[in-house]
Amino acid sequence: MNHISSLTAQDFMTITWTQLEPRARQLLRMELNEKNVGDWLMEWSDLSRIISEAYQRRYAATTVDTTDETALQQYQAYVDEIQPAWMEIEQKLKEKLLASGMEPPELEIPLRNMRAESDLYQEANLPLLSEELKLSNEYDQIIGAQTTQWEGEEVTLTQLQPVYQERERARRELAWRAAAERRLADRQTLNDLWRQLLDLRLKIAANTEKEDYRAYRWQQMLRFDYTPQDCLHFHRAIERVVVPAASRLYEKRRLRLGLDTLRPWDLEVDPFGAEPLHPYHHTQELVAKTEAIFDALDPALGNYFRIMKAENLLDLDNRKGKAPGAYCTNFDASRKPFIFMNGVGLHDDVMTLVHEAGHAFHVFESVNLPYHCQTQVGLEFAEVASTSMELLAAPYLSQDEQGFYTPQQAARARLAHLEQLVLFLPFMAVVDAFQHWAYTQPERASQPKHCDAIWRELCQRYMPGIDWSGLEEEYKTGWQRKLHIFQVPFYYIEYGLAQLGAIQVWANALNNPTRAIADYRRALSLGGTAPLPQLYAAAGARFAFDDAILHRAISLIEKTMTELEESLS
Numbered sequence: 001m002n003h004i005s006s007l008t009a010q011d012f013m014t015i016t017w018t019q020l021e022p023r024a025r026q027l028l029r030m031e032l033n034e035k036n037v038g039d040w041l042m043e044w045s046d047l048s049r050i051i052s053e054a055y056q057r058r059y060a061a062t063t064v065d066t067t068d069e070t071a072l073q074q075y076q077a078y079v080d081e082i083q084p085a086w087m088e089i090e091q092k093l094k095e096k097l098l099a100s101g102m103e104p105p106e107l108e109i110p111l112r113n114m115r116a117e118s119d120l121y122q123e124a125n126l127p128l129l130s131e132e133l134k135l136s137n138e139y140d141q142i143i144g145a146q147t148t149q150w151e152g153e154e155v156t157l158t159q160l161q162p163v164y165q166e167r168e169r170a171r172r173e174l175a176w177r178a179a180a181e182r183r184l185a186d187r188q189t190l191n192d193l194w195r196q197l198l199d200l201r202l203k204i205a206a207n208t209e210k211e212d213y214r215a216y217r218w219q220q221m222l223r224f225d226y227t228p229q230d231c232l233h234f235h236r237a238i239e240r241v242v243v244p245a246a247s248r249l250y251e252k253r254r255l256r257l258g259l260d261t262l263r264p265w266d267l268e269v270d271p272f273g274a275e276p277l278h279p280y281h282h283t284q285e286l287v288a289k290t291e292a293i294f295d296a297l298d299p300a301l302g303n304y305f306r307i308m309k310a311e312n313l314l315d316l317d318n319r320k321g322k323a324p325g326a327y328c329t330n331f332d333a334s335r336k337p338f339i340f341m342n343g344v345g346l347h348d349d350v351m352t353l354v355h356e357a358g359h360a361f362h363v364f365e366s367v368n369l370p371y372h373c374q375t376q377v378g379l380e381f382a383e384v385a386s387t388s389m390e391l392l393a394a395p396y397l398s399q400d401e402q403g404f405y406t407p408q409q410a411a412r413a414r415l416a417h418l419e420q421l422v423l424f425l426p427f428m429a430v431v432d433a434f435q436h437w438a439y440t441q442p443e444r445a446s447q448p449k450h451c452d453a454i455w456r457e458l459c460q461r462y463m464p465g466i467d468w469s470g471l472e473e474e475y476k477t478g479w480q481r482k483l484h485i486f487q488v489p490f491y492y493i494e495y496g497l498a499q500l501g502a503i504q505v506w507a508n509a510l511n512n513p514t515r516a517i518a519d520y521r522r523a524l525s526l527g528g529t530a531p532l533p534q535l536y537a538a539a540g541a542r543f544a545f546d547d548a549i550l551h552r553a554i555s556l557i558e559k560t561m562t563e564l565e566e567s568l569s
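First residue of the sequence shown? That's 1 in the numbering used here, and the numbers climb one at a time after it.
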């Protein structure tokens with residue numbers, strides 16, 4: 001088999017288990033001792049990176065074009081042939097290392113993770129995990145195919161988003177209802193998919209003899225630093241501290257818009273009555289100005305972004321047949337990140353690119369860690385990398401700083417972003433609480449009518465202030481629009497935890513920007529070699545989710561919003 005450095009992008013799309021297996025078997029045969037363990041770990045890392053990139057390249061290809069049958073076949077070949085065979089062998093490699101008794105100090109956290117993963121491994125789950133990936137991919141295909149007619153043209157639902165920011169309320173409502181009607185057309189299909197995924201996940205957990213799927217997933221996600229009960233406490237803290245702040249924002253918005261009630265199509269229009277922000281006309285402009293922002297923050301960050309641009313590692317435009325959402329993944333063997341998003345010319349696109357670039361910088365900063373297992377970062381800190389970048393970049397949005405906007409527009413953009421930070425936390429609590437309910441009461445969750453009811457109940461509790469009258473079906477099926485529920489269960493609380501970490505990084509930058517950026521980069525360079533509290537501390541933050549830290553975060557946001565509002569008056 002070729003050396004890692006000689007493999008091309010196309011090689012990763014077509015490589016087979018037949019080509020990979022001899023190298024894997026050789027690793028199993030090697031006798032481990034103090035002298036060769038370093039070389040053995042490097043060889044394992046190289047192979048692991050190749051297999052990881054084979055997956056990520058194929059997954060990316062299915063999202064870039066959900067109608068690409070060849071890409072789908074290559075992805076399914078990975079899922080059917082490479083993944084189960086590699087999981088079986090990698091389990092034996094973990095057992096081999098753990099049985100050797102050798103514990104290199106730089107592998108303390110990876111070894112802890114291996115013990116947890118080894119404990120979960122069940123050969124009977126290999127085909128079930130492959131099936132789960134296929135079903136998750138079906139969600140992308142269903143959502144990616146959603147289009148509607150708008151002004152005589154077939155458009156994706158994402159392409160309607162700019163209309164939600166227009167000042168004419170009737171057009172906003174018309175666009176919102178068109179998208180909602182199209183989504184409801186897939187209601188039964190998504191209900192069926194949800195039942196299949198839930199049933200499959202229950203079987204996976206049962207095979208490991210864990211108490212329930214939540215307990216299984218907690219261990220699978222390597223959550224050692226907080227518990228399910230901590231998450232429930234976090235929800236209640238958000239209800240006490242953040243929901244009142246969010247309600248104040250909703251009421252302020254209602255009054256500024258001069259409305260009797262806030263409807264779902266009133267949440268994205270500028271409350272000051274200004275025209276929607278149009279930060280860029282074409283993707284090249286988006287890339288160029290974002291690059292300038294990163295240069296202003298730290299030249300090293302700007303250089304990382306230029307590498308991605310030069311090597312075609314950015315796919316940013318929305319188009320028909322493209323999967324929804326945005327992500328940054330890591331092509332592990334190439335040691336390079338890849339950013340995927342669905343830009344349509346909105347300010348949200350700027351912030352999405354900045355957010356995903358934060359993930360990309362994590363890849364670049366941790367590239368010198370020798371072993372692949374050292375680069376596996378908990379999502380709770382991975383999202384600090386991305387969310388911090390949103391806040392650190394915000395002061396550079398103005399054209400005075402080579403950004404996108406006039407000073408007044410930049411103030412509006414920052415206000416909208418800070419508003420979203422506050423409003424996100426209650427929504428995050430809804431998404432997370434829904435999943436705690438679903439996987440601890442799976443019999444009820446297997447009936448979509450109960451999913452609808454609990455989603456409605458949670459939204460009423462955490463997100464009061466929005467008038468959904470006459471929109472009952474749209475309201476209670478909101479859970480179907482959250483891809484995390486279908487594709488990556490329990491992955492959402494990380495955004496809330498990381499947001500609190502990022503706000504602390506931002507607070508540090510207000511006092512000493514140079515040191516804050518240096519601490520940020522140093523923390524990213526640690527990869528996954530330290531527990532969460534230490535990673536947060538390295539970035540200048542505290543890993544916590546209590547009332548006190550929420551109060552400090554909300555106070556800073558509200559103070560900054562007041563200053564920005566005064567600059568517009």
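Here a beta-carbon is modelled for each residue, glycine too, at the ideal position from N, C-alpha and C.
Pull up the CB-CB distance for residue i and residue j, whole angstroms please, since I reckon it's below 8 angstroms.
i              : j             : result
leucine 249    : glutamate 380 : Contact doesn't hold; Cβ gap of about 26 angstroms is too wide.
serine 386     : histidine 347 : Contact doesn't hold; Cβ gap of about 17 angstroms is too wide.
tryptophan 455 : lysine 476    : 6 angstroms
alanine 237    : aspartate 547 : 5 angstroms
lysine 289     : glycine 403   : 6 angstroms
glutamate 291  : glycine 302   : 6 angstroms
proline 370    : leucine 202   : With 8 angstroms as the limit, proline 370 and leucine 202 do not qualify as a contact, their Cβ atoms being about 39 angstroms apart.
Please state the DSSP three-state secondary structure of residue i.
i              : result
valine 155     : strand
isoleucine 466 : coil
leucine 7      : coil
leucine 198    : helix
asparagine 36  : coil
tyrosine 226   : coil
serine 118     : helix
tyrosine 492   : coil
lysine 252     : helix
glycine 144    : helix
serine 398     : strand
glutamine 149  : strand
lysine 336     : strand
methionine 1   : Any answer about methionine 1 is weak, because its pLDDT of 48 lies below 50 and its placement is not dependable; what the coordinates show is given next. DSSP places methionine 1 in coil when its eight states are reduced to three.
methionine 428 : helix
aspartate 212  : coil
threonine 560  : helix
asparagine 342 : strand
threonine 329  : strand
tyrosine 405   : strand
leucine 314    : strand
glutamate 168  : coil
Could you name the residues of the same chain whose beta carbon sits closer than 7 angstroms to that of residue i, not counting the 5 residues immediately before and after it, in chain order?
i             : result
arginine 522  : Ala538
histidine 450 : Arg444
leucine 497   : Glu380 and Phe545
proline 407   : Ser398 and Asp400
leucine 41    : Tyr371
Leaving aside the five residues before and after residue i along the sequence, list all residues of the same chain whose C-beta is less than 6 angstroms from its C-beta, in chain order.
i              : result
isoleucine 204 : Asn125 and Leu128
alanine 429    : His235, Ile238 and Tyr462
asparagine 508 : Ala516 and Gly540
leucine 316    : Thr283, Met341 and Gly343
So is residue i in contact with chain C if we call contact Cβ pairs under 8 angstroms?
i             : result
glutamate 472 : In the structure shown, chain C does not exist; there is a single protein chain.
Please work out which residues of its chain come closer than 8 angstroms, Cβ to Cβ, to residue i, disregarding the five sequence neighbours upstream and downstream, and give them in chain order.
i                 : result
serine 118        : Gln91, Lys94, Glu95 and Leu98
phenylalanine 272 : Arg256, Arg412 and Leu568
glutamate 81      : Thr16 and Trp17
Please state if the CB of residue j and the CB of residue i are separated by a distance shorter than 8 angstroms.
i                 : j              : result
valine 591        : histidine 551  : The structure shown does not extend to residue 591, since the chain spans only 1 to 569, so no value can be given for it.
histidine 372     : serine 130     : no
phenylalanine 578 : methionine 463 : Residue 578 lies beyond the range of the chain shown here (1 to 569); nothing can be said about it.
leucine 425       : glutamine 499  : yes
glutamine 76      : lysine 134     : yes
threonine 62      : asparagine 113 : no
valine 582        : glutamine 165  : Nothing can be reported for residue 582: it is not among the residues displayed for the chain, which extend from 1 to 569.
methionine 308    : alanine 360    : yes
glutamate 311     : lysine 336     : yes
proline 448       : proline 276    : no
asparagine 473    : leucine 184    : One detail in the question is off: residue 473 reads as glutamate in this sequence, not asparagine. In this structure, leucine 184 lies closer than 8 angstroms to glutamate 473 by Cβ.
At least 3 beta-carbon pairs within less than 8 angstroms: the stretch 137-150 vs the stretch 175-182: yes
Should the stretch 523-530 be called in touch with the stretch 557-564, which here means at least 3 C-beta pairs below 8 angstroms? no
Quick one: any contact between the stretch 306-326 and the stretch 135-144, if contact means 3 or more CB pairs under 8 angstroms? yes
Three or more C-beta pairs under 8 angstroms: does that hold for the stretch 290-307 against the stretch 382-399? yes
Three CB pairs or more closer than 8 angstroms across the stretch 327-338 and the stretch 48-60: yes
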